[in-house]
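What follows is a single structure, written as structure tokens, with notes after it.
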Amino acid sequence: GARIRDFKDGTSNTMIMAEYLTGSPSVWRGWFYTSRAASQFLHVTNTPNSSSPDRILDYHAGCAATSDANQPLMNLPCTPDGYTPTNFASPRSMHTGGVQILLGDGSVRFVGENIHLDTWRRLAWIADGQTIGEF
Numbered sequence: 023g024a025r026i027r028d029f030k031d032g033t034s035n036t037m038i039m040a041e042y043l044t045g046s047p048s049v050w051r052g053w054f055y056t057s058r059a060a061s062q063f064l065h066v067t068n069t070p071n072s073s074s075p076d077r078i079l080d081y082h083a084g085c086a087a088t089s090d091a092n093q094p095l096m097n098l099p100c101t102p103d104g105y106t107p108t109n110f111a112s113p114r115s116m117h118t119g120g121v122q123i124l125l126g127d128g129s130v131r132f133v134g135e136n137i138h139l140d141t142w143r144r145l146a147w148i149a150d151g152q153t154i155g156e157f
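First residue of the sequence shown? That's 23 in my numbering, and the numbers climb one at a time after it.
And the structure:
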């Protein structure tokens, strides 16, 4: 794991945690005891609250088109992706317009779902040397 000294972009410019919705016992998202997508890892494949489906390991058929996870009000769209390294799950919340994130300096910020994807990704990278700017 990374240490504070590894945050070359600065702790106030580095996201270390973001919200994930759980809400469905049939989909393993937000469970910290597994190494699957949306559990221990922060994914920045899509922007927060993206309407694009997450690709997750689907142990209990929770990503079926008729499952509660795929209902629009749940904000948990997903597609099953087996045991592959392409699993990912986007931060999601029930907040209108975005998610709460925790930065390396301990501050909490609300990030809008319309954040530019490059900016969103740069927030998750600890030493890419890129300027983040306002977000």
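Using N, Cα and C, we set each Cβ at its ideal position, and we do this for glycine too.
query: Quick one: what's got a C-beta closer than 8 angstroms to Arg25's C-beta in the same chain, skipping five residues either side?
result: none
query: Exposed or buried, which one is Met116 when buried takes at least 16 other CB atoms within 10 Å?
result: exposed
- prompt: Hey, quick one: how far does the beta strand (DSSP E) through Arg77 stretch, first residue to last?
  reply: 76 to 78
- request: Let me know the alpha helix (DSSP H) ranges lying completely inside the segment 122 to 154, each 4 residues or longer, listed in chain order.
  value: 139 to 146
- prompt: Between which two residues does the beta strand (DSSP E) harbouring Met37 extend?
  reply: 37 to 40
query: Between Thr118 and Pro70, what straight-line distance do the alpha-carbon atoms span, to the nearest angstrom?
result: 11 angstroms
message: Since Gly120 and Phe132 should fall inside the 8 angstroms C-beta cutoff, what is the C-beta to C-beta distance between them, to a whole number of angstroms?
response: 6 angstroms
Where the beta strand (DSSP E) through Pro102 begins and ends: 100 to 102
task: Report the option in Leu64, Tyr42, Thr108, Leu98 whose CA atom is closest to the CA atom of Gly23.
output: Leu64
query: Which whole-angstrom value describes the C-beta separation of Val66 and Ala146, a residue pair presumed to lie in contact below a C-beta threshold of 8 angstroms?
result: 4 angstroms
query: Closest by CA to Asn68, which one among Leu125, Thr153, Phe157, Phe110?
result: Phe110
field: Burial state of Lys30 (16 or more Cβ within 10 Å)
entry: exposed
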